[in-house]
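Residue numbers (numbering that gives the first Met the number 0), protein chains in the order written: chain P, 0 to 687; chain Z, 0 to 91.
Ideal Cβ placement from N, Cα and C applies to all residues, glycine included.
Please read all numbers here as calculations on a predicted model, not as lab measurements.
These notes concern the structure reproduced below.
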Amino acid sequence: MATFGSFALLIALALAAYNLLAGGVALRLLATGQPAPITPERLADTARRAGIACFFAVTAAAFALIYSVFTNDFSITYILEHSNRALPGAYKFSAMWSGQEGSLLLWAWLLATYGFVLRLTHKMDVKLYAYAGTILAAVQVFFLAILNFAAPPFALFRGEIPPDGNGLNPLLQYPEMVIHPPMLYLGYVGFCVPFCFALGALMMRYPGEKWIKITRGWTMVTWLFLTCGIFLGMHWAYAVLGWGGYWGWDPVENASFMPWLTGTAFLHSVMMQEKKGMMKSWNVWLIFATFLLTMLGTLLTRAGLVSSVHAFAQSSIGTWFYVFMLIVLGTCIFTYVLQRSHLKSDAHVESLVSRESSFLFNNLVLLVACFVILWGTLFPILSEYVQGSKVTVSAPFYNAVAIPIGLFLLFLTGVGPLLPWRAASLRAIKRNFIVPVIAFWATAIVVLVAGDRPWHDGAFDSGQFYALVAWSVSAAVFAAILSEFLRGGAVIRKQTGSNLFASMVLLTRRNTRRYGGYLIHIGVVIIVIGLAGAAFNRSQEQELGLHDRLAIGPYTLDCVGFSDDSNSNYDSQFALLDVYKGGKKQFQMSPEKRTYLASQQPQTMVAIHSTLEWDLYVVYEGVNPSNGHPIIKAFLNPLVSWIWAGVLLIIFGTFIALAPPITPTTAALRVPVARTVPAEPAMHGGQP
Amino acid sequence: MSSTWGMIAGLILAIAAFVYTFWPENSFASQRQKTRLDYLLERKEQLYENLRDLNFEYRAGKYPEEDYAAQRAVLESEAAQLLSEIDYLQQA
Numbered sequence: 000m001a002t003f004g005s006f007a008l009l010i011a012l013a014l015a016a017y018n019l020l021a022g023g024v025a026l027r028l029l030a031t032g033q034p035a036p037i038t039p040e041r042l043a044d045t046a047r048r049a050g051i052a053c054f055f056a057v058t059a060a061a062f063a064l065i066y067s068v069f070t071n072d073f074s075i076t077y078i079l080e081h082s083n084r085a086l087p088g089a090y091k092f093s094a095m096w097s098g099q100e101g102s103l104l105l106w107a108w109l110l111a112t113y114g115f116v117l118r119l120t121h122k123m124d125v126k127l128y129a130y131a132g133t134i135l136a137a138v139q140v141f142f143l144a145i146l147n148f149a150a151p152p153f154a155l156f157r158g159e160i161p162p163d164g165n166g167l168n169p170l171l172q173y174p175e176m177v178i179h180p181p182m183l184y185l186g187y188v189g190f191c192v193p194f195c196f197a198l199g200a201l202m203m204r205y206p207g208e209k210w211i212k213i214t215r216g217w218t219m220v221t222w223l224f225l226t227c228g229i230f231l232g233m234h235w236a237y238a239v240l241g242w243g244g245y246w247g248w249d250p251v252e253n254a255s256f257m258p259w260l261t262g263t264a265f266l267h268s269v270m271m272q273e274k275k276g277m278m279k280s281w282n283v284w285l286i287f288a289t290f291l292l293t294m295l296g297t298l299l300t301r302a303g304l305v306s307s308v309h310a311f312a313q314s315s316i317g318t319w320f321y322v323f324m325l326i327v328l329g330t331c332i333f334t335y336v337l338q339r340s341h342l343k344s345d346a347h348v349e350s351l352v353s354r355e356s357s358f359l360f361n362n363l364v365l366l367v368a369c370f371v372i373l374w375g376t377l378f379p380i381l382s383e384y385v386q387g388s389k390v391t392v393s394a395p396f397y398n399a400v401a402i403p404i405g406l407f408l409l410f411l412t413g414v415g416p417l418l419p420w421r422a423a424s425l426r427a428i429k430r431n432f433i434v435p436v437i438a439f440w441a442t443a444i445v446v447l448v449a450g451d452r453p454w455h456d457g458a459f460d461s462g463q464f465y466a467l468v469a470w471s472v473s474a475a476v477f478a479a480i481l482s483e484f485l486r487g488g489a490v491i492r493k494q495t496g497s498n499l500f501a502s503m504v505l506l507t508r509r510n511t512r513r514y515g516g517y518l519i520h521i522g523v524v525i526i527v528i529g530l531a532g533a534a535f536n537r538s539q540e541q542e543l544g545l546h547d548r549l550a551i552g553p554y555t556l557d558c559v560g561f562s563d564d565s566n567s568n569y570d571s572q573f574a575l576l577d578v579y580k581g582g583k584k585q586f587q588m589s590p591e592k593r594t595y596l597a598s599q600q601p602q603t604m605v606a607i608h609s610t611l612e613w614d615l616y617v618v619y620e621g622v623n624p625s626n627g628h629p630i631i632k633a634f635l636n637p638l639v640s641w642i643w644a645g646v647l648l649i650i651f652g653t654f655i656a657l658a659p660p661i662t663p664t665t666a667a668l669r670v671p672v673a674r675t676v677p678a679e680p681a682m683h684g685g686q687p
Numbered sequence: 000m001s002s003t004w005g006m007i008a009g010l011i012l013a014i015a016a017f018v019y020t021f022w023p024e025n026s027f028a029s030q031r032q033k034t035r036l037d038y039l040l041e042r043k044e045q046l047y048e049n050l051r052d053l054n055f056e057y058r059a060g061k062y063p064e065e066d067y068a069a070q071r072a073v074l075e076s077e078a079a080q081l082l083s084e085i086d087y088l089q090q091a
């Protein structure tokens, strides 16, 4: 299989290179109208077909690697280093992305898959797709060149082949790790597609904004994958690392968050371009930056540029990435300078209090957040370069900056939909903001009465203050979005006579993009409510002998047993804890510590009991060597499950936003408009 | 799979990819240049959608009467200008 895999990768590289060269030549011939022995269209079609064939070649290579993992082919160095015979089947898939070579192959395969879909759907706009497909081929050439020359996944082991492999990193032996990296990669790789369309549209001076409509689905699906990937990573960190938290501002976490921020900004600002023909240069640079940040993310994860619990590879492919990123940046700047006259806005922001300006602020805030995180992430490298010693930026720095920024962003989430386009009159502001303002203050009062004390004993507790603000703003945003649904639903109810809920459902189906977006915003609100709960986290650590008890919040943990166990993959130590609440036994928990045999690395298996109110999170910290008693650490983390619930709503909202809207046909919906505009039935309805 | 079989499988893959890429086919999609008229028709769709949104938001009570009238006038004048250019290009 190693020979076949290597051969397949070489063929894939040749096909991608042909796609790039032939596609480039064809586009040049079409642009200049020069005569050629072959028609440019025919040449471009062979390039497109090479791109499709490339997908099959990369798929063959990926299959060869997976097959080799499952057949324990330890003659391949990669398999020897990242798998072993006792590794359970599902984790054999994880072996594909546990190391640098495999994960680069996954990158290349996902890119080829996106390219395959892109090239198959080229009839949407043949010329634009030809540009996008050719640019995508350039990215493919880069990854396939690395796979062929710098990080070959099928390199053979020299010397006597050991009977068993080194095994998979224990941190990756967790169910979420089977889907988290592919999700994240689907997000990273996916942003390549809107990038290629944006660059292609700029190169060919594509008239109009249709390319945005074409790429909207791509961008949203990609954004969803990245969102899921980030939150799966958070959940994995929460359940596996055993420190009681889910986000530690680790460089690799930051690396995935940065393109998410710029991608989110892009998703919002393209609406301005689509609707008003504004922010064209801004959007182009946003998607360029997003793509470059995904490259940076891959570099951080794969090349070990910074140390991280999430970086599972250290290597020397950094130079390849630096050169490629410089080429990409250079191409972007060159194309932009050459074609910038094409990006003149059709309109300008007329008022600071308008929906346009709220989009602009939203973008600025997202970019500031991204810059702060980029600065913090790269600071160790920069400080080492300047001072000679590595200075690491830790969580307090990020929290001090990111929390206020995040809260302002949340505020804008509520304000934006309430503001009219162009300019808002005082009457419009009063009319639209009254309910959210009441919700804000009512929540603030309730939270203070319930016991949140930002100021107590003469000291200021920033955590509790931010929680107070976060919950109050969340309530205001929720009220704002709900009022949007209710108002729209009321209009539909008048027209159709159905009940308010059915009217709101119909409203959403008629404008899936807007109301799906609102559902996503509600998901964000729910996540923020959950995140703010961290201000009230509590923990307790204790050595527990048989029937010793540990009390935390309303729970009492009674140790009813502790023991060792062993199987072919790992040895484990665990404790059995009966959990009481109000003197009544509720459930049993079993925190565990494993030592994997192949790698001899330890791994914590946290026991978590989740409710809407809080998580009881119990960690097996270790053993007291003098008496063999387990040391247990328990955390009480309020509202954590709200975070995961919010993500589910974001997924649902994104699916709604992606669904095609239904068009109303009711003649009763029609209202007259001025004579200057010819009648078009769809226009007169005043429907969403 | 021995390395010989690996080579043979790889060779088959290479031949299949070559044949597929260069298979003589006479009907491939042409790369038509997008015209100003195409662009204007797209823009018209968008303007109509903006008008629909405005009408709906007004009916939902988000706009006071005078704000609505002013915004609608702006959009309608923009649409009228666009339509006259479309008419001109279509007649030409």
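If the criterion is Cβ atoms closer than 8 Å, does the pair asparagine 568/P and alanine 85/P meet it?
yes
Mind listing which residues of the region 249 to 275 of chain P have their C-beta closer than 9 Å to chain Z's C-betas, in chain order?
Answer in chain order: Glu273, Lys274, Lys275.
Per-residue DSSP class, three states only, for aspartate 249/P
coil
With a cut-off of 8 Å, do at least 3 Cβ pairs link the region 160 to 176 of chain P to the region 210 to 221 of chain P?
no
Helix, strand or coil: which one does DSSP assign to glutamine 172/P?
coil
Counting only Cβ pairs nearer than 9 Å, list the residues of chain P close to glutamine 70/Z.
Pro419, Trp420, Arg421, Ala422
If we ignore side chains and look at the alpha-carbon of each, how far apart do isoleucine 551/P and tyrosine 616/P end up?
11 Å
Beta strand (DSSP E) runs wholly inside the region 473 to 547 of chain P, at least 3 long, in chain order:
537 to 542
8 Å is my cut-off, CB to CB: does tyrosine 19/Z come that close to chain C?
In the displayed structure, chain C is absent; the protein chains listed are P and Z.
Since isoleucine 78/P is in the beta strand (DSSP E), which residue starts that stretch and which ends it?
Not the beta strand (DSSP E): isoleucine 78/P falls in the alpha helix (DSSP H), residues 76 to 81.
Cβ shell of leucine 225/P (< 6 Å), same chain only, five flanking positions each side left out:
Gly186, Trp259
Going by other Cβ atoms of all chains shown within 10 Å of its Cβ, with 16 needed for buried, is isoleucine 491/P buried or exposed?
buried
Can you pull the chain P residues whose beta carbon is under 9 Å from the beta carbon of tyrosine 87/Z, in chain order?
The premise fails here: tyrosine 87/Z is roughly 14 Å from chain P at the closest Cβ pair, so nothing lies under 9 Å.
Residues of chain Z with a CB under 9 Å from the CB of proline 206/P: which are they?
Lys33, Thr34, Arg35, Asp37, Tyr38, Glu41
With a threshold of 8 Å between beta carbons, is threonine 2/P in contact with chain Z?
yes
CB contact flag (asparagine 282/P, valine 269/P, <8 Å):
yes
Evaluate contact between the region 10 to 27 of chain P and the region 138 to 150 of chain P, counting only Cβ atoms and requiring at least three cross-stretch pairs below 8 Å.
yes
Which full runs of the beta strand (DSSP E) of 3+ residues lie inside the region 124 to 178 of chain P, going along the chain?
List check, beta strand (DSSP E) in window: nothing returned.
In chain Z, what lies closer than 8 Å to isoleucine 10/P by C-beta?
In chain order: Gly9, Leu12, Ala13, Ala16.
Taking valine 504/P as the reference, give the member of Ala236/P, Ala25/P, Pro660/P, His81/P with the closest Cα.
Pro660/P
Would you call the region 619 to 634 of chain P and the region 544 to 563 of chain P touching, i.e. three or more CB-CB distances under 8 Å?
yes
Can you tell me whether tyrosine 384/P is buried or exposed, with buried defined as 16 or more other CB within 10 angstroms of its CB?
exposed
In terms of residues, what are the limits of the beta strand (DSSP E) holding lysine 343/P?
Run containing lysine 343/P: none; DSSP gives neither H nor E here.
Between the alpha carbons of glutamine 587/P and phenylalanine 573/P, how many angstroms are there, rounded?
13 Å
What residue ranges within the region 601 to 660 of chain P form continuous beta strand (DSSP E) runs of no fewer than 3 residues, ordered along the chain?
601 to 604, 606 to 609, 613 to 622, 629 to 637
For the beta strand (DSSP E) containing threonine 555/P, name the first residue and the last one.
554 to 565
Tell me, please, which residues DSSP counts as bridged to methionine 588/P.
Leu576/P
Mind checking the region 564 to 584 of chain P against chain Z and listing, in chain order, the residues whose C-beta falls within less than 7 Å of any C-beta there?
When C-beta distances to chain Z are compared with 7 Å, every residue of the region 564 to 584 of chain P stays at or above that value.
Under 8 Å between C-beta atoms, does alanine 59/Z make it to chain P?
Answer yes: the Cβ-Cβ gap between alanine 59/Z and chain P drops below 8 Å somewhere.
With DSSP as the reference, please indicate the residues paired to phenylalanine 320/P in a beta bridge.
Beta-bridge pairing links phenylalanine 320/P to no other residue.
Isoleucine 49/Z: buried (16+ other C-beta within 10 angstroms of its C-beta) or exposed?
Checking the sequence shown, residue 49/Z turns out to be asparagine, not isoleucine. Buried, since its Cβ has 16 or more Cβ neighbours within 10 Å.
Residues that glutamine 45/Z contacts on chain P, provided the C-beta gap is smaller than 8 Å
Glu208, Glu273, Lys274
Going by CA-CA distance only, name the one from Arg58/Z, Ser83/Z, Ala79/Z, Trp4/Z that's closest to leucine 485/P.
Ranking the options by Cα distance to leucine 485/P, first place goes to Arg58/Z.
Closer than 6 Å by C-beta to alanine 160/P: which residues in its own chain qualify, once you throw out the five before and the five after it? Chain order, please.
The sequence given here has isoleucine at residue 160/P, not alanine. Excluding sequence neighbours, isoleucine 160/P sits near Phe73, Ser74.
Using alpha carbons as the reference points, say which of Phe290/P, Leu337/P, Phe333/P, Ser461/P lies closest to methionine 324/P.
Nearest in C-alpha terms to methionine 324/P, of all of Phe290/P, Leu337/P, Phe333/P, Ser461/P, is Phe290/P.
Between which residues of its own chain and phenylalanine 196/P is the CB-CB distance below 6 Å, once the five residues before and five after are set aside?
Beyond the five residues adjoining it in sequence on each side, phenylalanine 196/P comes within less than 6 Å, by CB distance, of Ala131, Trp210, Thr214 in the same chain, given in chain order.
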